[in-house]
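These notes are about the structure you will find just below.
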Amino acid sequence: FNEKQGFLARVRILPSRKTLFPILQDVSGIIKPGRMTLLLGPPSSGKTTLLLALAGKLDPKLEVSGKVTYNGHELNEFVPQRTSAYISQHDLHIPEMTVRETLAFSARCQGVGPRYELLAELLRREKAANIKPDPDLDMFMKAMSLEGQEVNVNTDYIIKILGLDVCADTIVGDQMIRGISGGQRKRLTTGEMIVGPARALFMDEISTGLDSSTTYQIVNSIKQTIHILQATAVISLLQPAPETYDLFDDIILLSEGQIVYQGPRENVLEYFEHMGFKCPPRKGVADFLQEVVTSRKDQEQYWSKKDEPYIYVSVTEFSEAFQVYHVGRNLAAELATPFDRQSSHPAALATEKYGIGKRELLRACMARELLLLRRNSFIYIFKFCQVAILACIVMTVFLRVKMHRDTITDGQIYMGALYFALILALFNALTELSITILKLPSFYKQRDLLFFPAWAYSLPRFILRIPISFVEMGMFVFLTYYAVGYDPSVARLLKQYLVVVLVNQMAGGLFRLMAALGRSMVVAFTFGSCALLTIMSLGGYILS
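In the numbering used here, the protein residues as written are 266 to 809.
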């Protein structure tokens, strides 16, 4: 109903019912390198929108005023998707791959960024100063700067930092395949991004479905990474435990699309005491902050100015008071000072759309498809057996040493045998539909993160399906051709073989297209069934 109403409004038949709905209002701030920032706020406060805006991944349909800058550069001056990384609360990975393989593929696609240029500059300066580098450190830095390697030392480094070494060679798994635990999967999602050159991480509700102990371990791992690599992290958590809260350096408190507080963690309680609200001794600070600014009924219990009557303080009043508080004034002064672009290194911001060249991207995706082909070998072995069994059935049903061509009945048998072969070629490719749909979530995630373009993902799948199609259809045609009694000419045999292979390839491409268009099993199978019925109806056999 809403879609129809929207269509009628677009063609001016009905008046438009669109209304302006502000998500974020007057949001300004600074995220500094080498510091962990906790983003707090109730649901629907605009946390996800803020993180997407900072990562340069906002929906283009949204109206945006203001700008986001990195080191003084606006988002259209570089490629924000490769400079920063937005990490969703959903862990989307290919279940058949191991933790090490997942991270290695990510590192290979993202490239080494400016590491090679920085190493070359370092070697030049060491040579000019006649400094002999430490052999182990020199070897490590050179290994970190190698591009396009299937096995990268940076992968092992990140695995060690995140504590994934105990499950490095375990498959990721999913709801149907036993694999790593939920906490390890969360750390893998983080590692998939920090293994690349991106040094600004925006993580959305990474504690979803995890206990407080696991959340603490993950955040602690990220903290070590951020401080060691001098990266930047903004992490959104709903209700962090006190020990997790203490790991952060800065706090951003967001409510109703407005920033209530942004600054050092040590000053946040001082600010709220200045406003007349005090956190009880055994109360978690994160819970206290959210209850004070979001809950009208809970706010009064934290009122500390007993000599003054309590008056409800709204989010807008909190936000306005923060602007005149000393932390807010310092922040405003920093924002008023233009950032000196010359002080940042040119390599800090990525300007190339992809981390490696087209040939390396194709090789990386081809290697991954070969790996998945081996992991899913049972499917193809089963299909080979299925084709062999069906070929035996056809041999018995249409068993003739020589095909007769004298009557209409003989022609119908002849057409029936051919029609069955083509229908088999169509249905044999139906598995592409479900396989493609299961891989779509991880594909869309990695495509949006600019790991690879769509063609680099699709082309290896198409190429690797060709020999499989030749083997499957060859098994059927070579077993049934002479048993059915077709023309004994070898040329006719090869022509039929080629036609059946082409039909199988066409069906595989068609079902992959249906999966990409439908994006869900129900819709895609509906489209696929409709396409099959159309092809079967127009195939000519019904008329004959």
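Note that beta-carbon positions come from the ideal geometry of N, C-alpha and C, so glycine has one too.
### Straight-line Cα distance separating VAL766 from PHE776
15 Å
### Message
Using 7 Å as the threshold, is the C-beta distance between PRO360 and ILE442 below it?
### Response
Yes.
### Task
Determine the DSSP secondary structure at VAL344, reduced to helix, strand or coil.
Coil, per DSSP.
### Minimum C-alpha distance to ASP563 - residue among GLU573, SER802, LYS571, CYS544
CYS544
### Query
Of all the options ALA320, LEU357, PRO325, which has the alpha carbon lying nearest to the alpha carbon of GLU339?
ALA320
### Query
Between THR616 and the rest of its own chain, which residues show a CB-CB distance below 8 Å, the 5 nearest in sequence each way excluded?
PHE343, VAL344
### Task
Take the Cβ of GLU737 as the centre, count every other Cβ of all protein chains shown within 10 Å, and call the residue buried at 16 or more, exposed below.
buried
### Query
Where does ALA498 sit, in a helix, a strand or coil, going by DSSP?
strand
### Continuous beta strand (DSSP E) stretch holding MET301: start and end
301 to 305
### Task
Evaluate the contact criterion for the region 520 to 527 versus the region 290 to 301: three or more CB pairs, one atom per stretch, below 8 Å.
Per the Cβ contact rule, the region 520 to 527 is in contact with the region 290 to 301 (3 or more Cβ pairs under 8 Å).
#### Entry: Length of the line joining the Cα atoms of VAL484 and LEU503
14 Å
### Task
Answer with buried or exposed for GLN555, where buried requires no fewer than 16 other C-beta atoms within 10 angstroms of its C-beta.
buried
### Task
Can you check DSSP and say which residues form a bridge with PHE542?
TRP568, per the DSSP bridge assignment.
### Task
Please report the residue range of the alpha helix (DSSP H) in which LEU691 lies.
In the DSSP assignment, LEU691 falls within the alpha helix (DSSP H) that extends over 673 to 693.
### Query
Does DSSP classify ALA551 as helix, strand or coil?
In this structure, ALA551 counts as helix in the three-state DSSP scheme.
### Query
Which whole-angstrom value is the C-beta distance of SER501 and LEU724, which I expect to be below 8 Å?
37 Å between Cβ atoms; not a contact.
### Task
Identify which residue in PHE286, SER802, VAL742, GLY299 has its Cα closest to the Cα of LEU512.
GLY299
### Query
With contact counted as at least three CB pairs below 8 Å, one residue from each stretch, are the region 597 to 606 and the region 566 to 580 in contact?
no
### Task
Report the option in ASP399, GLY438, ARG389, MET458 whose CA atom is closest to the CA atom of ASN419.
MET458
### Query
I think VAL437 touches HIS358, with their Cβ atoms under 8 Å apart; what is that distance to the nearest whole Å?
That pair is a contact at about 5 Å.
### Task
Taking SER349 and PHE467 to be in contact with their CB atoms under 8 Å, please state how far apart those CB atoms are, rounded to whole angstroms.
6 Å
### Query
How many whole angstroms separate the CB atoms of MET786 and SER699, which I take to be in contact at a CB cut-off of 8 Å?
7 Å
### Message
With the cut-off set at 7 Å, would you say TYR762 and VAL742 are in Cβ contact?
### Response
Taking 7 Å as the Cβ cut-off, TYR762 and VAL742 qualify as a contacting pair.
#### Entry: Continuous beta strand (DSSP E) stretch holding PHE467: start and end
465 to 469
### Task
Using three-state DSSP, classify TYR536 as helix, strand or coil.
helix
### Message
Do GLY541 and LYS570 count as a contact pair if the criterion is CB distance below 7 Å?
### Response
yes
### Contact check, THR454 vs THR480, beta carbons under 7 Å
no
### Query
Does the region 299 to 309 come close enough to the region 546 to 560 to have 3 or more Cβ pairs within less than 8 Å?
yes
#### Entry: Contact under 7 Å by Cβ, VAL768 with ALA653
No.
### Task
Can you check DSSP and say which residues form a bridge with PRO529?
ASP515
### Message
Can you tell me which residues form a DSSP beta bridge with SER349?
### Response
ALA465
### Query
Assuming ALA498 contacts ILE487 under a Cβ cut-off of 8 Å, what Cβ separation, rounded to an integer in Å, is found between them?
6 Å
### Message
Quick check on DSSP: helix, strand or coil for TYR590?
### Response
coil
### Query
If you drop the 5 nearest sequence neighbours on each side, which residues of the same chain put their C-beta closer than 8 Å to that of LYS704?
ILE359
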